[in-house]
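Data first, discussion second: the structure below is written as structure tokens.
Number of protein chains: 2
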Amino acid sequence: MAYQGGYPGQQYGGYGQQQPGGYPGQYGGYAPPPQQAAVSPEIQNIFRNVDKDNSGKINSLELQAALINGRGDHFSDTACNMMIGMFDRDRSGTIDIYEFEKLYNYINQWLQIFKTYDRDASGHIEEAELSQALTQMGFRFSPQFIQFLIVKNDPVHRKDISVDQFIVTCVQIQRFTEAFRARDTEQKGVITIGFEDFLNVALTTTS
Amino acid sequence: MAYQGGYPGQQYGGYGQQQPGGYPGQYGGYAPPPQQAAVSPEIQNIFRNVDKDNSGKINSLELQAALINGRGDHFSDTACNMMIGMFDRDRSGTIDIYEFEKLYNYINQWLQIFKTYDRDASGHIEEAELSQALTQMGFRFSPQFIQFLIVKNDPVHRKDISVDQFIVTCVQIQRFTEAFRARDTEQKGVITIGFEDFLNVALTTTS
Numbered sequence: 001m002a003y004q005g006g007y008p009g010q011q012y013g014g015y016g017q018q019q020p021g022g023y024p025g026q027y028g029g030y031a032p033p034p035q036q037a038a039v040s041p042e043i044q045n046i047f048r049n050v051d052k053d054n055s056g057k058i059n060s061l062e063l064q065a066a067l068i069n070g071r072g073d074h075f076s077d078t079a080c081n082m083m084i085g086m087f088d089r090d091r092s093g094t095i096d097i098y099e100f101e102k103l104y105n106y107i108n109q110w111l112q113i114f115k116t117y118d119r120d121a122s123g124h125i126e127e128a129e130l131s132q133a134l135t136q137m138g139f140r141f142s143p144q145f146i147q148f149l150i151v152k153n154d155p156v157h158r159k160d161i162s163v164d165q166f167i168v169t170c171v172q173i174q175r176f177t178e179a180f181r182a183r184d185t186e187q188k189g190v191i192t193i194g195f196e197d198f199l200n201v202a203l204t205t206t207s
Numbered sequence: 208m209a210y211q212g213g214y215p216g217q218q219y220g221g222y223g224q225q226q227p228g229g230y231p232g233q234y235g236g237y238a239p240p241p242q243q244a245a246v247s248p249e250i251q252n253i254f255r256n257v258d259k260d261n262s263g264k265i266n267s268l269e270l271q272a273a274l275i276n277g278r279g280d281h282f283s284d285t286a287c288n289m290m291i292g293m294f295d296r297d298r299s300g301t302i303d304i305y306e307f308e309k310l311y312n313y314i315n316q317w318l319q320i321f322k323t324y325d326r327d328a329s330g331h332i333e334e335a336e337l338s339q340a341l342t343q344m345g346f347r348f349s350p351q352f353i354q355f356l357i358v359k360n361d362p363v364h365r366k367d368i369s370v371d372q373f374i375v376t377c378v379q380i381q382r383f384t385e386a387f388r389a390r391d392t393e394q395k396g397v398i399t400i401g402f403e404d405f406l407n408v409a410l411t412t413t414s
């Protein structure tokens with residue numbers, strides 16, 4: 001594949017910063033609330049519906065059962081594990097109602113972004129729409145790379161990606177960018193890296 | 208985390224080569240058979256049981272419904288998509304009975320390896336067992352990296368990994384090693400790599 005020489009320094013950190021349109025901030029769930037505010041009745045209702053075993057906690061499987069993408073499929077294991085992991089502060093594999101409220105808002109923010117770029121309202125994001133989304137997030141990827149992202153997520157039809165795939169792809173790129181930037185101290189767009197560190201970054205950012 | 212200075216040149220390519228014990232060769236399904244041999248009655252029976260919609264093809268969801276790990280859970284989406292993708296030569300998202308026979312043998316080879324290293328026959332691989340498995344595959348990872356692999360796969364209990372996680376982890380490391388080696392022309396254990404290329408490798412090897 002051909003490369004465009006990396007990313008420009010200015011655009012590099014664009015994603016994840018507050019921008020017009022408000023992309024969901026990463027790790028929004030990590031900061032402990034100063035005081036637990038009351039959870040709205042709407043969220044309480046949704047929480048009870050998702051919490052099938054009435055344990056007072058929601059795990060990845062309960063979340064997966066509740067989330068359907070535009071193809072009529074449940075969100076992937078990867079997407080649900082990733083989202084639970086982002087808000088599960090005590091690493092129990094579950095989230096409580098306060099963490100769920102944050103996750104609910106987080107997912108809704110992503111749905112808004114998805115709808116913004118899904119200009120033909122197909123319920124999927126096609127190649128041109130994905131390219132535009134990533135460009136507006138501050139990335140400058142080659143057309144080949146955008147095509148690679150589409151095929152990776154839609155290996156059969158090679159046409160479009162669903163909302164859960166879109167969220168996973170964007171979060172992986174966001175995390176990856178942070179890991180890369182931490183090693184690219186001179187902001188050259190190129191790093192020198194050893195085998196285990198490389199493997200560590202690859203497996204961490206895509207988990 | 209601490210690094211051990213990468214991998215030794217000798218051990219570098221150890222994984223994936225034929226070794227005593229016979230690790231499953233990667234991409235074994237890609238080579239077209241010179242002539243379609245008859246599929247055994249046993250495989251035909253299994254295929255019919257897995258092919259729930261009697262389409263004559265097995266997709267990732269049908270495979271997932273048929274495969275249970277030692278925790279009593281179905282194999283993950285990631286594992287099933289990866290395994291279908293390895294044997295799905297026409298990229299249809301499905302495999303026919305000939306491809307299924309190869310996949311069946313491939314999974315059984317992995318199960319054999321898994322059992323070899325699961326010395327206490329717990330149905331899981333613990334940290335020391337994983338370390339030994341990867342060492343015997345020719346890798347030399349730091350204890351921190353082995354621990355990272357465990358926690359990545361078992362974030363709640365941080366104790367062990369299941370058979371499907373073991374397969375995915377080994378295949379990802381195997382693919383990653385090939386991608387790294389292709390760029391490490393002087394076999395120094397260190398490469399210089401640009402942003403998009405790195406992202407490409409990370410997303411390709413973990414898909």
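As given, the protein sequences belong to chains A and B, one line each in that order.
Note that the working numbering numbers the first sequence so that position 90 is 90, with each residue one more than the last.
Note that the working numbering numbers the second sequence so that position 63 is 270, with each residue one more than the last.
Ideal Cβ positions, reconstructed from N, Cα and C, are used throughout, including at glycine.
Please read these numbers as outputs of a predicted model, since none were measured by experiment.
- Say whether chain A places a C-beta atom closer than 9 Å to the C-beta of Q379 (chain B). So, interface residue.
- Query: Roughly how many angstroms separate the alpha carbons of L310 (chain B) and D260 (chain B), rounded to a whole number?
  - Reply: 19 Å
- Which same chain residues, not among the five before or five after E269 (chain B), have their C-beta less than 7 Å away from its C-beta? Result list for E269 (chain B): V257, D258, K259, in chain order.
- Message: Measuring only the C-alpha atoms, how far is K322 (chain B) from I302 (chain B)?
- Response: 27 Å
- Item | Alpha-carbon spacing of A335 (chain B) relative to R347 (chain B), whole angstroms | When rounded, the distance between both Cα atoms is 13 Å.
- Query: How is D367 (chain B) classed by DSSP in three states: helix, strand or coil?
  - Reply: strand
- Decide if G56 (chain A) is buried, meaning its Cβ has at least 16 other Cβ atoms within 10 Å, or exposed. exposed
- Residues of the segment 194–206 of chain A with a CB closer than 9 Å to any CB of chain B: list them in chain order, please. G194, F195, E196, D197, F198, L199, N200, V201, A202, L203, T204, T205, T206
- Cβ shell of Q339 (chain B) (< 8 Å), same chain only, five flanking positions each side left out: If we look at Q339 (chain B) and ignore the five residues flanking it on each side, its Cβ neighbours are Y324.
- Task: Take N81 (chain A) and list the residues in its own chain whose beta-carbon comes closer than 7 Å to its own, dropping the five residues that flank it on each side.
- Result: S60
- Message: Between the alpha carbons of D90 (chain A) and I146 (chain A), how many angstroms are there, rounded?
- Response: 36 Å
- So what's G345 (chain B) in DSSP terms, helix, strand or just coil? coil
- Anticipated Cβ contact below 8 Å, E101 (chain A) with I43 (chain A), distance rounded: Going by Cβ atoms, the distance from E101 (chain A) to I43 (chain A) rounds to 5 Å, so yes, they are a contact pair.
- Item | Rounded straight-line distance, which links the Cα of I58 (chain A) to that of C170 (chain A) | Approximately 24 Å between the Cα atoms of the pair.
- Give me the Cα-Cα distance between R365 (chain B) and V358 (chain B), rounded to the nearest whole angstrom. 5 Å
- Task: Give the residues of chain A in contact with V375 (chain B), contact being defined as C-beta atoms less than 8 Å apart.
- Result: Within chain A, no residue comes near V375 (chain B); the closest Cβ sits about 10 Å away, beyond 8 Å.
- Item | Selection from B:N360, B:Q343, B:L406 that minimises the alpha carbon distance to E333 (chain B) | The shortest C-alpha separation from E333 (chain B) is found at B:N360.
- Distance between T205 (chain A) and M83 (chain A) (C-alpha atoms, nearest Å): 13 Å
- Just the C-alpha distance for G401 (chain B) and L318 (chain B), rounded to the nearest angstrom, thanks. 38 Å
- Cβ neighbours of V201 (chain A) in the same chain (closer than 6 Å, five flanking residues each side left out): A179
- Can you tell me whether G229 (chain B) is buried or exposed, with buried defined as 16 or more other CB within 10 angstroms of its CB? Since pLDDT at G229 (chain B) reaches only 40, below the 50 mark, its modelled position is unreliable, and the value read off the structure follows with that caveat. The residue in question, G229 (chain B), is exposed, as its Cβ has fewer than 16 Cβ neighbours within 10 Å.
- Cβ-based neighbour list, P239 (chain B), same chain, cut-off 8 Å, excluding 5 preceding and 5 following: Note that P239 (chain B) scores 49 on pLDDT, short of 50, meaning its location in the model is unreliable and no value can be drawn from it.
- Have a look at T392 (chain B) and T399 (chain B) and give me their C-alpha separation to the nearest angstrom. 11 Å
- Message: Please report the distance separating the alpha-carbon of S92 (chain A) from that of V363 (chain B).
- Response: Near 5 Å, if we compare the C-alpha coordinates of V363 (chain B) and S92 (chain A).
- Message: Report the CB separation of I173 (chain A) from L406 (chain B) in whole angstroms; it is logged as a contact under 8 Å.
- Response: 7 Å
- Query: What's the gap between the Cα of L410 (chain B) and the Cα of N252 (chain B)?
  - Reply: 36 Å
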